[in-house]
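Each residue of the sequence shown is one higher than the one before, counting from 1170 in my numbering.
Built from N, CA and C at the ideal position, the CB exists for glycine as well.
Some notes on the structure that comes next.
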Amino acid sequence: MPAHTPAPRPNRSIDRRALLGGLTAAGLAAAGASPAYANPRGSGPVGDERRGTARLAAACVTETSLPYQSSVNSAALYYEPTNAAASFRFDSTMHSRLRVWQTFWDANTPYPVMTSIDSYGAYVNRNDGCVSMHNYGRAFDIASAWTGGTRHFTARYDIWKAWTGTELTNVRVQYWAAAASLHMHFAHTLTYLYNTAHHNHFHVDNAVSGSGLSSLSRSGTQTWSVQAMLNYVWGKGTGIDGVWGAQTTQHSDEVLARIGKGGSLTSSQSHWHAFLTATTRKGTGMQAY
Ligand SMILES: [Zn+2]
């Protein structure tokens, strides 16, 4: 495997808060709070071996067929639990989709060019009968993204859910702006609303959207996320219940009218993309609409 030189990292507010709250990365790992992610310093199953799994199922792909990647465009990858520079094995199409997403993010947000992404990993042999796209290097778990010490977004809901006032408002709007950008590029995007396993990262994979952009199927995770975007980014007071009802339709129609697109989210893929692009731009302060 390639050699890595751990880079010194700036202090970040999320890290300080983690320490203040007693939620150190080491503590979380020791508590088993994180699922079985690949150890970026070793081969996929190392984490499971360390926890004493007796037998490992055959890998779903030949691990060595997935090249290591240490960045997504200009954003270097770091392993969230250790805060160290890291490489992960990716399916090449999946990594290409992440590059397209990252380019979209830089083009539609006011932040300086993204220089780092904190992650829990990509490829890992989950020993789950090849259910998870992580088994194929076609999934990626994103904790946060930065330019130096400037936060683009953090998916550490486990930390920021305890924040209050404008800090909570701002981090949550940022979170849903990031979710919008990810939903556009990955039909299967999981947020903290999905389950507690996703309280510290976005999960994205290209099982559904393959080498293209997403379409709206009003899947459970898409419905939860649209409602949260309407509520937190657009201030619609939308109920967040995972059920696509008349209120969700009405509020999303109102946003499409406001951004000059018109129609409904179900009208076409371009309506879905217009909503997600505008949500990314509004949530990051790129455009007020
Ligand atoms: Zn995942």
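Going by CA-CA distance only, name the one from M1353, T1338 and T1453 that's closest to S1386. M1353
Should D1517 be listed as close to ligand 1, given that the test is whether its C-beta is under 7 angstroms from any heavy atom? Beyond the ends of the chain as shown, which are 1170 and 1458, falls residue 1517; an answer cannot be given.
Could you have a look at F1273 and say whether DSSP puts it in helix, strand or coil? If DSSP states are grouped into helix, strand and coil, F1273 belongs with the helices.
S1439 versus R1427 - alpha carbon distance: 16 angstroms
Going along the chain, which unbroken runs of the alpha helix (DSSP H) with 4 or more residues stay wholly within the stretch 1364-1431? 1389-1397 and 1415-1427
If you reduce the DSSP assignment to three classes, tell me which class F1444 lands in. helix
Could you check which residue in L1382, R1258, N1375 and H1357 has the C-alpha nearest to that of S1388? H1357
Contact set for Q1391: own chain, Cβ-Cβ below 7 angstroms, skip 5 residues either direction: H1352 and L1385
Top-ranked residue by Cα proximity to Q1456, from F1257, A1254, P1236 and Y1280: Y1280
Whose CA, out of V1230, G1318 and Q1238, lies closest to the CA of D1303? First, the amino acid is wrong: residue 1303 is His here, not Asp. Ranking the options by Cα distance to H1303, first place goes to V1230.
Short of 8 angstroms in beta carbon distance, which residues of its chain neighbour H1461, apart from the five on each side in sequence? Order them along the chain. Absent from the structure is residue 1461, since the part of the chain shown begins at 1170 and ends at 1458.
Smallest Cα separation from G1318: which of S1301, N1296, N1339 and M1283? M1283
Would you list the residues sitting across from S1240 in a DSSP beta bridge? DSSP lists A1245 as partners of S1240.
Please classify A1331: is it buried, with 16 or more other beta-carbons within 10 angstroms of its beta-carbon, or exposed? Under this definition A1331 is an exposed residue.
With a threshold of 7 angstroms (Cβ to nearest heavy atom), would H1420 be considered close to ligand 1? no
Can you grab the Cα-Cα spacing for the pair A1312 / Y1458, in whole Å? 28 angstroms
What residue ranges within the stretch 1314-1345 form continuous alpha helix (DSSP H) runs of no fewer than 4 residues, ordered along the chain? 1326-1329
Reduced DSSP secondary structure (H/G/I, E/B, other) of R1258: If DSSP states are grouped into helix, strand and coil, R1258 belongs with the strands.
As a quick exercise: from A1255, Y1401, S1240 and G1454, pick the residue whose alpha carbon is nearest that of R1341. Y1401
Taking just the CA atoms, how far does T1335 sit from S1239? 34 angstroms
Other residues of its chain near S1234: CB distance less than 7 angstroms, five sequence neighbours each side excluded: none
Measure the alpha-carbon distance for G1306 versus D1260 and round it to whole angstroms. 5 angstroms
For the putative contact between A1346 and T1449, defined by C-beta atoms under 8 angstroms, what is the C-beta separation to the nearest angstrom? By a beta-carbon distance limit of 8 angstroms, A1346 contacts T1449. Their separation comes to about 5 angstroms.
Since F1273 contacts S1380 with CB under 8 angstroms, what's their CB separation in whole angstroms? In fact, because the Cβ distance is near 15 angstroms, the residues do not count as touching under 8 angstroms.
When the cut-off is 8 angstroms and only beta carbons count, does L1235 lie next to chain D? Protein chains in the displayed structure number just one, and chain D is not present.
Give me the residue from M1398, L1425, F1355 and V1293 with the minimum Cα distance to S1265. F1355
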